[in-house]
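Note sheet for the following structure.
Number of protein chains: 2
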Amino acid sequence: MKNRITKLLSIKYPIIQAGMIWCSDWNLASAVSNAGGLGIIGSGSMYPDVLKENIINCKNATNQPFAVNIPLLYPNVEEHIKSIIDLKVPIVFTSAGNPNTWTKELKSKNIKVIHVVSSVKFALKAQSSGVDAVVAEGFEAGGHNGREETTSLCLIPDIAKEINIPLIAAGGIVDGRSMLAAMILGADAVQMGTRFVASKESSAHKNFKNIVLKAKDGDTKLTLKEITPVRMMKNKFYQEISDFYENNPTKEQLLKKLGRARAKLGMFEGDLDEGELEIGQASSQINEYFKCCDIVNQIMDEFISLKSKISFDDKFNF
Amino acid sequence: MKNRITKLLSIKYPIIQAGMIWCSDWNLASAVSNAGGLGIIGSGSMYPDVLKENIINCKNATNQPFAVNIPLLYPNVEEHIKSIIDLKVPIVFTSAGNPNTWTKELKSKNIKVIHVVSSVKFALKAQSSGVDAVVAEGFEAGGHNGREETTSLCLIPDIAKEINIPLIAAGGIVDGRSMLAAMILGADAVQMGTRFVASKESSAHKNFKNIVLKAKDGDTKLTLKEITPVRMMKNKFYQEISDFYENNPTKEQLLKKLGRARAKLGMFEGDLDEGELEIGQASSQINEYFKCCDIVNQIMDEFISLKSKISFDDKFNF
Chain A
38 MKNRITKLLS
48 IKYPIIQAGM
58 IWCSDWNLAS
68 AVSNAGGLGI
78 IGSGSMYPDV
88 LKENIINCKN
98 ATNQPFAVNI
108 PLLYPNVEEH
118 IKSIIDLKVP
128 IVFTSAGNPN
138 TWTKELKSKN
148 IKVIHVVSSV
158 KFALKAQSSG
168 VDAVVAEGFE
178 AGGHNGREET
188 TSLCLIPDIA
198 KEINIPLIAA
208 GGIVDGRSML
218 AAMILGADAV
228 QMGTRFVASK
238 ESSAHKNFKN
248 IVLKAKDGDT
258 KLTLKEITPV
268 RMMKNKFYQE
278 ISDFYENNPT
288 KEQLLKKLGR
298 ARAKLGMFEG
308 DLDEGELEIG
318 QASSQINEYF
328 KCCDIVNQIM
338 DEFISLKSKI
348 SFDDKFNF
Chain B
38 MKNRITKLLS
48 IKYPIIQAGM
58 IWCSDWNLAS
68 AVSNAGGLGI
78 IGSGSMYPDV
88 LKENIINCKN
98 ATNQPFAVNI
108 PLLYPNVEEH
118 IKSIIDLKVP
128 IVFTSAGNPN
138 TWTKELKSKN
148 IKVIHVVSSV
158 KFALKAQSSG
168 VDAVVAEGFE
178 AGGHNGREET
188 TSLCLIPDIA
198 KEINIPLIAA
208 GGIVDGRSML
218 AAMILGADAV
228 QMGTRFVASK
238 ESSAHKNFKN
248 IVLKAKDGDT
258 KLTLKEITPV
268 RMMKNKFYQE
278 ISDFYENNPT
288 KEQLLKKLGR
298 ARAKLGMFEG
308 DLDEGELEIG
318 QASSQINEYF
328 KCCDIVNQIM
338 DEFISLKSKI
348 SFDDKFNF
């Protein structure tokens, strides 16, 4: 079961849980790491003290590697980096910012650094900055997303052929089937966010989890492209944003409309009407939620069974 | 090599060339059919007499099955359907319209009918209308596209699990690698447009073919969503449309700006600045153009070699 990513990160399976605001605290991260994948604490919704507490709790809950995700444009980056170094977190995923800013500092402390990108240009920039691997995030992913709108099916091979470091695919990957497809396209591992939102251990509000299970194709949309493109469920708040666009709003008006703490309101507090519900297109494929260890086992069983079926099927009916 | 689609269409390989305006006349269609795939004449840019001539020429150039694509909202549909029946075309691909309108009539003449969809809802509607198979077209596809923006990675499994008839995947598929990925996700066959634009036999202007070979990730965009969403290259014309949006144009103003015959101007006449250049995201992966028989052979060689490699690779390095 060893490949470049499982070796790099010292994990059993090439399955990584995405760091997500309001959904991925120490409880989720440690559950995924204990299941043989890599769990990530999403620091984007955490004050410095909260992140510290989460790191300490995560260390107590697992003796396996875990990571912290840091959106580099968030206000508390410096304090977050200090906690990560002080508390000896082994792996950091950086996103939404310049990989040159912190990579050297983190690597000098023996921390593995992985950067999230949405284009070949940014993948090459991340590689040059010295990161250990990149996450290629396609258009179908939930939450914040790139401006190029390149889908995973195109982005994975586009990036795989240009870089030498390992590649983790994210966006639209939800089970063993899509995991195998992503790896055939050139990924060394997969990162799943939406799938782990709908897990027992995620800190998402139960209202949010329940609506994820009911989602159908076409129920999410990438919007707010003038601020930061973000994929969310088409709820009442999305419809208000959509109607607001009819009046050709300025960026300032959009920011005012968005207001503060919309994501917390929706994902953590469970207000399905007024909250921002960040989730990926693959939510259409999730109908039940399980414990993380069951999710990881299901994915690996499906991956391995599908893989062995391919070799014996001469009729191309996978 | 037999599966549901190769049996249904009596073709050797589950590779279908998309019917594309200004790029796919009888010369391209017959070349793909002679290579063992299914060639399609794109009737959307043809007057009734031109389509008739194309069907007759295609029949003279190949004794293999071929198809005609009909966008059902185009003005000449009735005359096109009459020619197809009179000249005994064996297969029709319908798109952009209601599959109930013509399916029964065509089926009563022993013609196979396949309908293009972009959502589960429309796939079920097509299945109810009695079509033999559906094409699931993802967000990354070139040209006209659905409003749901669901990518192939999500759309293929979404539709595969809901329908009983065969499924052809389109959008982002360009080689044996993406073909295998699409089939693992649940497709019985693949349809490629962009890959065959960049073929020796396509009727695309050489300027257009050359710019497709140079395309990088992020060079296309889905736009004109208020009229009919269409993915095109980000050339001077695209930039003008994009700037035009700053003034919050009405649908009528957009239609006026678009004008007439933009696609012909760009794709057939080779005006790379003022023309509309419809092409998919996968253009980033094409760097050379070949004859159709070489394209089909390359795809199948890659597909088969990758498939056999998977069965022996215990390290997941495909």
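Chains A and B are the protein sequences, given in the same order.
The numbering of the first sequence is our numbering, which starts it at 38 and goes up by one.
The numbering of the second sequence is our numbering, which starts it at 38 and goes up by one.
Where a beta carbon is used, it is the ideal one built from N, C-alpha and C, also for glycine.
The structure presented is a predicted model; accordingly, all values stated were derived computationally and were not measured.
- Beta-bridge partners of LEU259 of chain B (DSSP): B:ARG268.
- When the five nearest sequence neighbours on each side are left out, the beta carbons in the same chain lying within less than 6 Å of the beta carbon of LYS146 of chain A are those of ILE122, in order along the chain.
- For GLN276 of chain A, no Cβ of chain B is located within less than 8 Å of the residue's own Cβ.
- In this structure the region 233-242 of chain A does not lie against the region 141-155 of chain A, because fewer than three pairs of beta carbons, one per stretch, are closer than 8 Å.
- DSSP places GLN290 of chain B within a helical segment (H, G or I) once states are collapsed to three.
- DSSP, reduced to helix, strand and coil, places THR188 of chain A outside both helices and strands of the structure shown, so it counts as coil.
- A residue is called buried when at least 16 other Cβ atoms come within 10 angstroms of its Cβ; ALA226 of chain A meets this threshold and is buried.
- Secondary structure note for ALA170 of chain B: its beta strand (DSSP E) is the uninterrupted segment 170-174.
- Between GLN290 of chain A and chain B, the shortest Cβ-Cβ separation is not below 8 Å.
- Pairing TYR50 of chain A with LYS344 of chain B, the inter-Cα distance amounts to about 22 Å.
- The alpha-carbon separation between ASP254 of chain B and THR188 of chain B amounts to approximately 16 Å.
- Every alpha helix (DSSP H) stretch that sits fully inside the region 75-155 of chain B and reaches 4 residues is listed by chain position as 85-98, 114-123, 140-145.
- According to the DSSP assignment, ILE316 of chain B belongs to no alpha helix (DSSP H), since it is labelled neither H nor E.
- A buried status is given to GLU315 of chain B, since no fewer than 16 other beta-carbon atoms sit within 10 Å of its beta-carbon.
- Fewer than three Cβ pairs drawn from the region 203-215 of chain A and the region 271-289 of chain A lie within less than 8 Å of each other, which leaves the two stretches out of contact.
- Of all residues in the region 217-248 of chain B, the ones placed with a Cβ closer than 7 Å to any Cβ belonging to chain A are LEU217, ALA218, MET220, ILE221, LEU222, in chain order.
- When secondary structure is reduced to three states using DSSP, SER70 of chain B falls in the helix class.
- The distance from the Cβ of SER120 of chain A to that of ILE92 of chain A is about 6 Å, consistent with a contact at the 8 Å cut-off.
- Taking CB atoms only, ASP62 of chain A has no neighbour in chain B less than 8 Å away.
- Using beta-carbon distances, VAL267 of chain A does not count as an interface residue toward chain B, since no partner is under 8 Å.
- Nearest to GLN228 of chain B by alpha-carbon distance, out of B:THR265, B:ILE193, B:ALA300, is B:ILE193.
- Less than 8 Å divides the Cβ of SER80 of chain A from the Cβ of ASN106 of chain A.
- At a cut-off of 8 Å between beta carbons, GLU325 of chain A makes no contact with chain B.
- Residue pairing of VAL227 of chain A in beta bridges, as defined by DSSP: A:ILE52, A:ALA206.
- Contacts between ALA319 of chain B and chain A, judged by CB atoms closer than 7 Å, involve CYS191 in chain order.
- By DSSP's assignment, HIS242 of chain B forms no beta bridge with any residue.
- Spanning the alpha carbons of MET216 of chain B and GLN322 of chain B requires a straight line of approximately 14 Å.
- The beta carbon of GLU177 of chain A lies closer than 8 Å to those of THR188, SER189, GLY208, GLY209, ARG268, GLY317, GLN318, ALA319 in the same chain, with the five residues before and after it left out.
- The distance from the Cβ of ASN64 of chain A to that of SER240 of chain A is about 7 Å, consistent with a contact at the 8 Å cut-off.
- Within the region 171-184 of chain B, GLY175, PHE176, GLU177, GLY183, ARG184 place their CB atoms closer than 9 Å to a CB of chain A, listed in sequence order.
- Interface annotation, SER215 of chain B: in contact with chain A, CB-CB separation under 8 Å.
- Using a 10 angstroms sphere on the CB of GLU142 of chain A, the tally of other CB atoms stays under 16, which defines it as exposed.
- Under the DSSP assignment, VAL157 of chain A falls in the alpha helix (DSSP H) whose first and last residues are 157-166.
- Assigned with DSSP and collapsed to three states, SER236 of chain A falls in strand.
- A residue is called buried once 16 or more other Cβ atoms fall within 10 Å of its Cβ, and LEU88 of chain A is buried on that count.
- Apart from the 5 residues on each side of it in sequence, ASN244 of chain A sits with its Cβ closer than 7 Å to the Cβ of GLY307, LEU309 in its chain, given in chain order.
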